[in-house]
Amino acid sequence: MSINDPRWGNNNDPDNKRKDPQGPPDLEDLWRDFNQRLSGAFGKRPGGGSNDGGGGGRPSLGPRQLGGGVFLVVAAVLVLWLASGFYIVDAGERGIVLRFGKADAVTPEGLQWRLPFPFESHEIVNVTNLRTVEIGYRGADRSKDLHESLMLTDDENIISIQFAVQYTLSDPSEFLFNNREPELTVKQVAETAIREIVGKSKMDFVLYEGREAIAKEAQILMQKILNDYKTGISISKVTMQNAQPPEQVQEAFNDAVKASQDQERLKNEGQAYFNDVVPKAEGAAARLREEAMGYAARVVSQAEGDAARFKAVFAEYAKAPEVTRNRMYLDAMQQMYSNTSKILIDTKGNGNLLYLPLDKLMQASGAQGAATETLPAANTGKPADQGGTARQTDEANEPIKITEIVKRCAVANGESADDA
């Protein structure tokens, strides 16, 4: 509609017959329609007026009509009030229903309903979310918090420990109503447990081989403390991120560690040398012991054999002294001259030509010399070469003729020396 249109601002037509059917609805039309609907709900006519039956012509409302409208309003409000008790619990969450501010029930996942306010209310708690508390450091850059990280060991050394605690909820009701600040509670309990365990441990144990053991023991102690306070918190894992001496004494600590490593290295080297030398020495000692025992047994056996033979010879000597003496003499001569390279010949009254196999005699002499050199010095009482030389010298200085031996044998047999 143009501003120059004569119908602009002319609103006197009650039926709005001159209104453009293509335009948007007027606000007055919307308000009029709303009033008519509201009047109809309370028993009024669409063109209603006053109750005085005068110029307005409005009929009076009866009790039934008035009561029906109030009932509809109350019913609508009641439905809305009851509908406010519906709530949804998502996956991994639990709902806690509070009746007059006190925990009454724990509801599972899904669509749930409770009494509307002010009788009951509800709280939603995530029980599967893994929460983490950092102690001794903050954030991804691991900036140290010395107030939390510095701890004293059993051997009175100060170390800096950084660790993280992960936990979930075991009882949503206890978690909501027994903890004012759950994260602060977990942090304080973790510090208490770690300090107690570190205070009973040596520094080397904490820094090196004892990290896993300390973390497990701290988790057990933390869970016990939290259960005693009924916090509804379950400790999932305790992880020791870092453990080292304070920066102020780091250089001195490195020197001590290096000295300890040198000591361990020297100890290992000494142990290796011990393991190499001692078995060899023990083996040599055992070998010498066995050789000595064998030598002792051999000497004793030989002495016993010599004694037994001497007794047997003595018994025969008592029966025939001369014969026995000659036989012993002949045996001794045979034993002595069986290995010699000298040949003794009696030339008196004998003009026969003798055949001497010199080649075989020389071979036998060479074999005898080699066997003589291999004899141990302990058996001869002298070196092998000296013993052989001395024996040959004695044989050369005191030659014994075979004729003398034959004569003695003949005398022993009762024959005359001339017949022999």
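When we follow the working numbering, the leftmost residue of the sequence shown carries the number 1389, and every step to the right adds one. For each residue, glycine too, the CB sits at the ideal point set by N, CA and C.
Practice task
Please check the pair residue 1482 and residue 1508, which I expect to be a contact at CB under 8 Å, by giving their CB distance rounded to whole angstroms.
Solution key: The sequence position of residue 1482 within the sequence shown is 94, counting from 1. The sequence position of residue 1508 within the sequence shown is 120, counting from 1. Rounded to whole angstroms, the Cβ separation of residue 1482 and residue 1508 is 16 Å, and the two are not in contact under 8 Å.
Handout entry: Opening and closing residue of the beta strand (DSSP E) in which residue 1490 lies
Key = Working through the sequence shown from its first residue, we reach residue 1490 at position 102. Segment 1490-1495, the beta strand (DSSP E) holding residue 1490.
Exercise for the section: May I ask you to verify whether the region 1600-1618 touches the region 1584-1592, counting CB pairs closer than 8 Å and requiring at least 3? Expected result: With a cut-off of 8 Å, the region 1584-1592 and the region 1600-1618 count as touching, because enough Cβ pairs lie within range.
Exercise for the section: Name the two residues that bound the continuous alpha helix (DSSP H) containing residue 1578. Expected result: The sequence position of residue 1578 within the sequence shown is 190, counting from 1. That run of the alpha helix (DSSP H) goes 1570-1586.
Problem - Opposing strand residues paired with residue 1474 [DSSP bridges] - result: One-based indexing of the sequence shown puts residue 1474 at position 86. Looking at the DSSP assignment, residue 1474 forms a beta bridge with 1501.
Exercise for the section: With DSSP as the reference, label residue 1680 as helix, strand or coil. Expected result: One-based indexing of the sequence shown puts residue 1680 at position 292. Of the three classes helix, strand and coil, the one that applies to residue 1680 here is helix, per DSSP.
Exercise for the section: Would you grab the beta carbon distance between residue 1556 and residue 1515 for me? Rounded to a whole angstrom, and I think it's under 8 Å. Expected result: Counted from its first residue, the sequence shown places residue 1556 at position 168. Counted from its first residue, the sequence shown places residue 1515 at position 127. The pair is a contact, with the Cβ atoms about 7 Å apart (cut-off 8 Å).
Exercise for the section: For residue 1618, I'd like the list of residues in its chain whose CB is within less than 6 Å of its CB, leaving aside the five on either flank, ordered along the chain. Expected result: Counted from its first residue, the sequence shown places residue 1618 at position 230. The beta carbon of residue 1618 sits closer than 6 Å to the beta carbons of 1562 and 1566 from its chain, once the five residues preceding and following it are set aside; these are given in chain order.
Practice task
Return the residue from the list 1644, 1677 and 1505 that minimises the CA-CA distance to residue 1466.
Solution key: In the sequence shown, the residue the question calls residue 1466 occupies position 78. Ranking 1644, 1677 and 1505 by CA distance to the CA of residue 1466 puts 1505 first.
Practice task
Would you check if the distance between the CB atom of residue 1521 and the CB atom of residue 1560 is smaller than 8 Å?
Solution key: Indexing the sequence shown from 1 puts residue 1521 at position 133. Indexing the sequence shown from 1 puts residue 1560 at position 172. It is not a contact, given that the beta carbons lie outside the stated cut-off.
Exercise for the section: Determine the direct distance from the alpha carbon of residue 1475 to that of residue 1511, and round the result to whole angstroms. Expected result: Looking up residue 1511 in the sequence shown gives position 123. Looking up residue 1475 in the sequence shown gives position 87. Taking the straight line from one Cα to the other gives about 10 Å.
Handout entry: Distance, residue 1661 Cα to residue 1653 Cα
Key = Against the sequence shown, residue 1653 aligns to sequence position 265. Against the sequence shown, residue 1661 aligns to sequence position 273. Between residue 1653 and residue 1661, the C-alpha separation is close to 12 Å.
Problem - C-alpha gap between residue 1648 and residue 1540, whole angstroms - result: For the purposes of this step, residue 1648 is taken as residue 260 along the sequence shown, with counting starting at 1. For the purposes of this step, residue 1540 is taken as residue 152 along the sequence shown, with counting starting at 1. Straight through space, the alpha carbons of residue 1540 and residue 1648 are spaced by roughly 21 Å.
Problem - Beta-carbon proximity list for residue 1621, same chain, < 6 Å, skipping 5 on both sides - result: Along the sequence shown, one-based indexing puts residue 1621 at 233. Within the same chain, Cβ atoms closer than 6 Å to the Cβ of residue 1621 are found at 1555 and 1614, the five residues on either side in sequence being excluded.
Practice task
From the DSSP output, in three-state form, read off residue 1595 for me.
Solution key: In the sequence shown, the residue the question calls residue 1595 occupies position 207. Helix at residue 1595.
Exercise for the section: Look at the alpha carbon of residue 1768 and the alpha carbon of residue 1696, and state the distance between them as a whole number of angstroms. Expected result: Locating residue 1768 in the sequence shown gives position 380, counting from the first residue. Locating residue 1696 in the sequence shown gives position 308, counting from the first residue. Any answer about residue 1768 is weak, because its pLDDT of 43 lies below 50 and its placement is not dependable; what the coordinates show is given next. Roughly 23 Å between the two C-alpha positions.
Problem - Beta-bridge pairing of residue 1554 - partner residues as DSSP gives them - result: On the sequence shown, position 166 is the one that residue 1554 refers to. BP columns for residue 1554 point to 1520 and 1625.
Handout entry: residue 1713 to residue 1698 span [Cα, whole Å]
Key = As a first step, residue 1713 must be located in the sequence shown, where it is residue number 325. As a first step, residue 1698 must be located in the sequence shown, where it is residue number 310. Approximately 13 Å between the Cα atoms of the pair.
Handout entry: residue 1617 - DSSP class collapsed to helix/strand/coil
Key = Translated into positions along the sequence shown, residue 1617 becomes position 229. Residue 1617 falls in the coil class under three-state DSSP.
Problem - Own chain partners of residue 1479 with C-beta closer than 7 Å, once the 5 adjacent residues on each side are dropped - result: The residue you call residue 1479 lines up with position 91 of the sequence shown. Answer for residue 1479: 1497, listed in chain order.
Handout entry: Residue nearest to residue 1581 in terms of C-alpha spacing, selected from 1537, 1485 and 1638
Key = Taking the sequence shown and counting its residues from 1, the one referred to as residue 1581 is at position 193. Its Cα nearest to that of residue 1581, the residue 1537 stands out among 1537, 1485 and 1638.
Problem - Between the CA atoms of residue 1525 and residue 1611 - distance to the nearest angstrom - result: Taking the first residue of the sequence shown as 1, we reach residue 1611 at position 223. Taking the first residue of the sequence shown as 1, we reach residue 1525 at position 137. Using only the alpha carbons, I get a separation of about 22 Å.
Exercise for the section: Mind checking which residues open and close the alpha helix (DSSP H) that includes residue 1537? Expected result: Within the sequence shown, numbered from 1, the residue matching residue 1537 stands at position 149. For residue 1537, the uninterrupted alpha helix (DSSP H) run begins and ends at 1534-1537, by DSSP.
Exercise for the section: Starting from the C-beta of residue 1472, find all residues in its chain whose C-beta is less than 6 Å away, skip the five residues before and the five after it, and write them out in chain order. Expected result: By 1-based counting over the sequence shown, the position of residue 1472 is 84. Excluding sequence neighbours, residue 1472 sits near 1504.
Practice task
Please name the residue in 1658, 1493 and 1684 whose C-alpha comes closest to that of residue 1564.
Solution key: Position 176 of the sequence shown, counted from the first residue, corresponds to residue 1564. The closest CA to that of residue 1564, considering only 1658, 1493 and 1684, is found on 1493.
Problem - Neighbourhood of residue 1518 by C-beta, 7 Å cutoff - its chain only, sequence neighbours within 5 removed - result: Position 130 of the sequence shown, counting from 1, holds the residue named residue 1518. If we look at residue 1518 and ignore the five residues flanking it on each side, its Cβ neighbours are 1554, 1556 and 1624.
Practice task
Please state whether DSSP places residue 1566 in a helix, a strand or coil.
Solution key: One-based indexing of the sequence shown puts residue 1566 at position 178. Coil.
Handout entry: Simplified DSSP assignment, three categories, for residue 1589
Key = Numbered from its first residue, the sequence shown carries residue 1589 at position 201. The DSSP-derived three-state label of residue 1589 is coil.
Problem - Neighbourhood of residue 1579 by C-beta distance below 8 Å, restricted to the same chain and skipping five residues each side - result: Locating residue 1579 in the sequence shown gives position 191, counting from the first residue. Within the same chain, and ignoring the five residues on either side of residue 1579 in sequence, the residues whose Cβ sits closer than 8 Å to its Cβ are 1523 and 1536.
Problem - Rounded separation between residue 1491 and residue 1485 - CA only - result: Against the sequence shown, residue 1491 aligns to sequence position 103. Against the sequence shown, residue 1485 aligns to sequence position 97. Straight-line Cα distance between these residues: approximately 6 Å.
Problem - Presumed contact (8 Å Cβ cut-off) between residue 1337 and residue 1634, rounded CB distance - result: No information on residue 1337 is available, as it lies outside the stretch 1389 to 1808 that the chain covers here.
Exercise for the section: Would you mind sorting residue 1459 into buried or exposed? The rule is 16 or more other CB atoms within 10 Å of its CB. Expected result: Residue numbering aside, residue 1459 sits at position 71 when the sequence shown is read from its first letter. Residue 1459 should be labelled exposed.
Exercise for the section: Return the CA-CA distance between residue 1489 and residue 1502, expressed in angstroms with no decimal places. Expected result: Working through the sequence shown from its first residue, we reach residue 1489 at position 101. Working through the sequence shown from its first residue, we reach residue 1502 at position 114. Cα to Cα, residue 1489 sits roughly 13 Å from residue 1502.
Problem - Three-state class that DSSP yields for residue 1722 in the structure shown - result: As a working mapping, residue 1722 is identified with position 334 in the sequence shown. Looking at residue 1722 - three-state DSSP - the assignment turns out to be helix.
Exercise for the section: Take the Cβ of residue 1693 as the centre, count every other Cβ of all protein chains shown within 10 Å, and call the residue buried at 16 or more, exposed below. Expected result: Counting from one through the sequence shown, the residue named residue 1693 turns up at place 305. Exposed is the call here.
Problem - Rounded separation between residue 1707 and residue 1667 - CA only - result: Here residue 1707 is taken as the residue at index 319 of the sequence shown, counted from 1. Here residue 1667 is taken as the residue at index 279 of the sequence shown, counted from 1. One alpha carbon belongs to residue 1707, the other to residue 1667, and they sit about 60 Å apart.
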